[in-house]
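Written out below as structure tokens is the structure these notes cover.
In our numbering, the protein residues as written are -19 to 230.
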């Protein structure tokens, strides 16, 4: 259900609804009790250390959060940046980073509720080499985000075929301009045709999916790239208990 959010209990098979009204969708435009609030289309989600769950409601043009007390709070509204939010990441200080559909820009909502453009060019898509200042860096549209405990932001730039890292500068940490080139090796020499969703594990390994190859890849702390899951067979069979590298994703 695109208009609700559920939580899986890690210690049991139970799934619990935490926000939204099943079967109902409506514009998210005001704060209120999460289970009595309607949403239109939930896209990216990210938790913080305090137990809040942040989310982007794509069709409501809004960014919000669900608090541990069960309240839905609206943080960014329709008129703030005039775009459809499609992913979100939270840094350790509570800064909220988000991207928008068909936009090459990364925005940040600070703890003081100030929205600023932190990376990307509003007027132009493009590509820039590593060690480019984030305010001068250029990206393709439809970026996806993840953050780590130090506040580093990882970005999948599908149009440019790159996994990128943002600190004070933007670096390219995986991807080259060649056709898909293999299963393992240095990430900076690997081809990643269409990187999409991205996440980082506690040991520092970065995982990302690729819509073209139909697989999940990893980049470890040494910069080594490998295929982690997915056979690369389009619309093949997905079976429980089958080795991850042999299973197919649609």
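Even for Gly, the Cβ is constructed at its ideal location relative to N, Cα and C.
Only a predicted model underlies this, so the values are computations on that prediction, with no experimental measurement involved.
| field | Counterpart residues of residue 67 in DSSP-defined beta bridges | value | Mapped onto the chain shown, residue 67 falls at position 87. Note: residue 67 sits in a beta bridge opposite 79.
| query | Measuring CA to CA, which of 83, 189, 15 and 212 is closest to residue 100? | reply | To locate residue 100, count along the chain shown from 1; it is residue 120. Ranking 83, 189, 15 and 212 by Cα distance to residue 100 puts 83 first.
| query | Does the beta-carbon of residue 154 have 16 or more other beta-carbons within 10 angstroms, so that it is buried, or is it exposed? | reply | Looking up residue 154 in the chain shown gives position 174. Burial call: buried.
| request: List the residues that DSSP assigns as beta-bridge partners of residue 152. | output: As a first step, residue 152 must be located in the chain shown, where it is residue number 172. The secondary-structure analysis by DSSP pairs residue 152 across a beta bridge with 144.
| message | I believe residue 88 touches residue 74 by the beta-carbon criterion, under 8 Å. Please report the beta-carbon distance rounded to the nearest angstrom. | response | Within the chain shown, the letter at position 108 stands for residue 88. Within the chain shown, the letter at position 94 stands for residue 74. Not confirmed; about 11 Å, so no contact.
| said: Let's see if you can read the secondary structure: which residues bound the beta strand (DSSP E) around residue 9? | reply: Numbered from 1 along the chain shown, position 29 holds the residue referred to as residue 9. First-last for residue 9: undefined, no H or E at that position.
| field | Rounded separation between residue 47 and residue 157 - CA only | value | As a position in the chain shown, residue 47 is number 67, starting the count at 1. As a position in the chain shown, residue 157 is number 177, starting the count at 1. Whole-angstrom Cα-Cα distance: 43 Å.
| Nearest-angstrom Cα distance between residue 15 and residue 128? | As a first step, residue 15 must be located in the chain shown, where it is residue number 35. As a first step, residue 128 must be located in the chain shown, where it is residue number 148. Distance between the alpha carbons of residue 15 and residue 128 is about 30 Å.
| task | Can you give me the start and stop residues for the beta strand (DSSP E) that residue 36 sits inside? | result | As a first step, residue 36 must be located in the chain shown, where it is residue number 56. Residue 36 -> beta strand (DSSP E) spans 33 to 37.
| Excluding the five sequence neighbours on either side, which residues of its own chain have a C-beta within less than 7 Å of the C-beta of residue 53, listed in chain order? | As a first step, residue 53 is located in the chain shown; it is residue number 73 there, counting from the start. Cβ neighbours of residue 53 beyond the five flanking positions: 11, 44, 45 and 47.
| query | With C-beta atoms as the reference, is residue 171 less than 8 Å away from residue 210? | reply | Residue 171 sits at position 191 when you count from the first residue of the chain shown. Residue 210 sits at position 230 when you count from the first residue of the chain shown. Result no, Cβ atoms of residue 171 and residue 210 do not sit closer than 8 Å.
| task | Compare the beta carbon distance of residue 23 and residue 36 with 8 Å and say whether it is the shorter of the two. | result | Along the chain shown, one-based indexing puts residue 23 at 43. Along the chain shown, one-based indexing puts residue 36 at 56. Yes, the Cβ-Cβ distance between residue 23 and residue 36 is below 8 Å.
| message | Between residue 125 and residue 213, how many whole angstroms is the CB-CB distance? I'm expecting something under 8 Å. | response | Residue 125 sits at position 145 when you count from the first residue of the chain shown. Residue 213 sits at position 233 when you count from the first residue of the chain shown. Wrong, their Cβ atoms sit about 29 Å apart, outside the cutoff.
| query | Mind checking whether residue 38 and residue 81 have CB atoms under 8 Å apart? | reply | Along the chain shown, one-based indexing puts residue 38 at 58. Along the chain shown, one-based indexing puts residue 81 at 101. A contact, by the Cβ cut-off of 8 Å.
| Span separating the alpha-carbon of residue 120 from that of residue 202 | The residue you call residue 120 lines up with position 140 of the chain shown. The residue you call residue 202 lines up with position 222 of the chain shown. Approximately 26 Å between the Cα atoms of the pair.
| message | Taking its Cβ as the centre, do 16 or more other Cβ atoms sit within 10 Å of residue 164, making it buried, or is it exposed? | response | Numbered from 1 along the chain shown, position 184 holds the residue referred to as residue 164. Exposed, because fewer than 16 other Cβ atoms sit within 10 Å of the Cβ of residue 164.
| field | Collapsed DSSP secondary structure at residue 232 in the structure displayed | value | Residue coverage of the chain in this structure runs from -19 to 230, which leaves residue 232 outside it and unanswerable.
| How would you call residue 17, buried or exposed, if buried means at least 16 neighbouring beta carbons within 10 angstroms? | Residue 17 sits at position 37 when you count from the first residue of the chain shown. With 16 or more Cβ atoms within 10 Å of its Cβ, residue 17 is classed as buried.
| What is the DSSP secondary structure of residue 58, counted as helix, strand or coil? | Working through the chain shown from its first residue, we reach residue 58 at position 78. Reduced to three states, the DSSP call for residue 58 is helix.
| message | Suppose contacts are defined by Cβ-Cβ distances below 8 Å. Is residue 104 in contact with residue 149 by that definition? | response | Indexing the chain shown from 1 puts residue 104 at position 124. Indexing the chain shown from 1 puts residue 149 at position 169. Cβ atoms of residue 104 and residue 149: not closer than 8 Å.
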